[in-house]
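Chemist:
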Amino acid sequence: MPAVGGNVTTVRRIATHLSQLGVSVQVAVVDEPRASLRQLSLQFQPDIVHAFHAFKAGVAALELAERLGVPLVVTVTGTDVHSDLFSPDRREAVLKVLEATDAVVVFSSSVAEELLTVMPSLCGRVHIVPQGVWFPPQESWDVRKQLGIPEDVPLLLLPANIRKVKRPTLAFEGTLLVREKGFDAHLLFVGSVLEDDEWERLERIIRQNEWVRFAGAVPMEKMASVYEAADIVLNTSEHEGGMANSLLEAMAIGRPVLAADVTGNRSLVQDGVNGLLFKDAREMAEKTVMLLTNEKLRQKIVVEAKEWVRQNCNPVEEASRYLGIYERVSKKVRGAEC
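When the letters of the sequence shown are read in order and numbered with this note's numbering, they come out as residues 1 to 338.
#1: If you reduce the DSSP assignment to three classes, tell me which class A60 lands in.
#2: Taking just the CA atoms, how far does V49 sit from A103?
#3: Cβ atoms of A305 and V233: under 8 Å apart, would you say?
#4: My assumption, with CB atoms under 8 Å, is that L156 sits in contact with L187. Please give the rounded CB distance.
#5: Would you list the residues sitting across from G275 in a DSSP beta bridge?
#6: Suppose the cutoff is 6 Å on Cβ atoms and the five residues either side in sequence are ignored; what does the same chain contact list for V329 look like?
#7: According to DSSP, which residues form a beta bridge with P159?
#8: With a CB to CB cut of under 7 Å and the five nearest residues on each side skipped, what residues in its chain are close to L21?
#9: Give the list of continuous beta strand (DSSP E) stretches no shorter than 3 residues that lie fully inside the segment 181 to 250.
#10: How close, in whole Å, do the beta carbons of D80 and H53 come, if the pair is a contact with beta carbons under 8 Å?
#11: On the three-state DSSP scale, how would you describe D44?
#12: Contact defined as beta carbons within less than 8 Å: I believe T77 pairs with G241. What is the distance between those atoms, to the nearest angstrom?
#13: Pick out whichever of H127, W134 and L37 has its Cα sitting closest to the Cα of A250.
#14: Tell me whether A260 sits in a helix, a strand or coil according to DSSP, three-state version.
#15: State yes or no: is the C-beta of T10 nearer than 7 Å to some heavy atom of the ligand GDP?
#16: Can you tell me whether V143 is buried or exposed? The criterion is at least 16 other CB atoms within 10 Å of its CB, across all chains shown.
#17: In chain order, what residues of the same chain have a beta carbon less than 6 Å from the beta carbon of S267, not counting five sequence neighbours either side?
#18: Measure the C-alpha to C-alpha separation of D196 and E210 and round it to an integer number of angstroms.
#19: Name the residue from E173, A244 and Q299 whose alpha carbon lies nearest to the alpha carbon of E283.
#20: Looking at the strands, I want to know which residues DSSP matches up with T75.
#21: So is T293 buried or exposed if we call it buried at 16+ other beta carbons inside 10 Å?
#22: Excluding the 5 residues flanking E295 on each side, which residues of the same chain have their C-beta closer than 8 Å to its C-beta?
Written out as structure tokens, the structure is:
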């Protein structure tokens, strides 16, 4: 399995807790040759095939499910709903996968509504399973010391793979405005490079600004240290699938989150309650300054966020809901009609 990424985090967490519930789980990576995937499935003989991401994993998963004669479950992402369903190159493949599924899982009711608006034929097959939060055993890491970030400067963190949809340059623009307001704010990017052109833009920024750092891909076993090193955790995405793992993890750790005001983030972050939302670089800078100067607001947000995660993001309950879906589709039982 790849080391980092939102889907990787979700798959690893769910697989771990399904195993604890007595389910045998085999994780397959879709960039392996199809013949290897078929061989793996024949050896493992699954009762269910579950794809994470309708386009990137769903096409291969549908082929396997049909070959094996077993039900197909697909968890859709923000990219599926907000991008691939409207892409001339991907729409047909996504529609084919989703029409063939026995169950479709989304993270929030807002994404369920968006999906059903586009594909009302999925009525009765869409299930909402909120994301859990879980960290594997952690390795200690002095992030600031290793990356040369002074201990006494405000540090903004963007934990996201380098892709255009994650808008890393927006994080830079907002932090630059914070610095222009007189704060010696630094910015740290953590994630894998998935798009070369976006990396070229970001690399230029890093070379030209000593207060910007890039740590690359960081394994989950070290991510708690990364969050703890930050003063504020950012999400600058153009769209999200409903519950970004990075925001949930930051909230669980006790770091305030500042997220782009997009549909997926609004289902998780209540502005001024368990986090802050922003519409552009200017508002990002203003709300960053609020968090850096208003300790009462900061503490209120942190406490509310930790409690929200505690009440809503139990990974065992998440796995139990998936197990319930698997049992339903195995019996060919669909949900209530819309």
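Even for Gly, the Cβ is constructed at its ideal location relative to N, Cα and C. Computed from a predicted structure; not experimentally measured.
Modeler: Working from what's here:
#1: As a first step, residue 60 is located in the sequence shown; it is residue number 60 there, counting from the start. The answer is helix: DSSP assigns A60 an H, G or I state.
#2: Counting from 1 along the sequence shown, the entry for residue 103 is found at position 103. Counting from 1 along the sequence shown, the entry for residue 49 is found at position 49. For A103 and V49, the distance between alpha carbons rounds to 11 Å.
#3: For the purposes of this step, residue 233 is taken as the residue at position 233 of the sequence shown. For the purposes of this step, residue 305 is taken as the residue at position 305 of the sequence shown. By the CB criterion at 8 Å, V233 and A305 fall outside the cutoff.
#4: Here residue 156 refers to the residue found at position 156 of the sequence shown. Here residue 187 refers to the residue found at position 187 of the sequence shown. Rounded, the Cβ-Cβ distance is 5 Å, consistent with contact.
#5: For the purposes of this step, residue 275 is taken as the residue at position 275 of the sequence shown. Per DSSP, D271.
#6: Numbered from its first residue, the sequence shown carries residue 329 at position 329. Excluding the 5 residues flanking it on each side, V329 has same chain C-beta neighbours closer than 6 Å at P71, D102 and A103, in chain order.
#7: Looking up residue 159 in the sequence shown gives position 159. Beta-bridge pairing by DSSP links P159 to V190.
#8: By 1-based counting over the sequence shown, the position of residue 21 is 21. Same-chain partners within the cutoff: A319, S320 and L323.
#9: Complete beta strand (DSSP E) runs here, min 3: 186 to 190, 212 to 214 and 232 to 235.
#10: For the purposes of this step, residue 80 is taken as the residue at position 80 of the sequence shown. For the purposes of this step, residue 53 is taken as the residue at position 53 of the sequence shown. Contact annotation, D80 with H53: C-beta distance approximately 6 Å; criterion of less than 8 Å satisfied.
#11: The sequence position of residue 44 within the sequence shown is 44, counting from 1. The identity of residue 44 in the sequence shown is Phe, whereas the question assumes Asp. Residue state, collapsed to three classes: helix.
#12: Working through the sequence shown from its first residue, we reach residue 77 at position 77. Working through the sequence shown from its first residue, we reach residue 241 at position 241. With a contact defined as Cβ atoms closer than 8 Å, T77 and G241 qualify at about 4 Å.
#13: Along the sequence shown, read from residue 1 onward, the residue named residue 250 stands at position 250. Per the Cα distances, W134.
#14: Here residue 260 refers to the residue found at position 260 of the sequence shown. Strand, per DSSP.
#15: Because no ligand of any kind appears in the structure shown, any question about the ligand GDP cannot be addressed here.
#16: Working through the sequence shown from its first residue, we reach residue 143 at position 143. Under this definition V143 is a buried residue.
#17: Working through the sequence shown from its first residue, we reach residue 267 at position 267. So the list reads S108, S110 and G242, once near-sequence residues are dropped.
#18: In the sequence shown, counting from the first residue as 1, residue 196 sits at position 196. In the sequence shown, counting from the first residue as 1, residue 210 sits at position 210. Spanning the two alpha carbons is a distance of roughly 22 Å.
#19: By 1-based counting over the sequence shown, the position of residue 283 is 283. Checked all of E173, A244 and Q299; the closest Cα to E283 is E173.
#20: Start at 1 with the first residue of the sequence shown, and residue 75 comes out as number 75. T75 is bridged by DSSP to F52 and V105.
#21: Within the sequence shown, numbered from 1, the residue matching residue 293 stands at position 293. That one is exposed.
#22: What you label residue 295 is simply residue 295 of the sequence shown in a count that begins at 1. Nothing meets the Cβ criterion.
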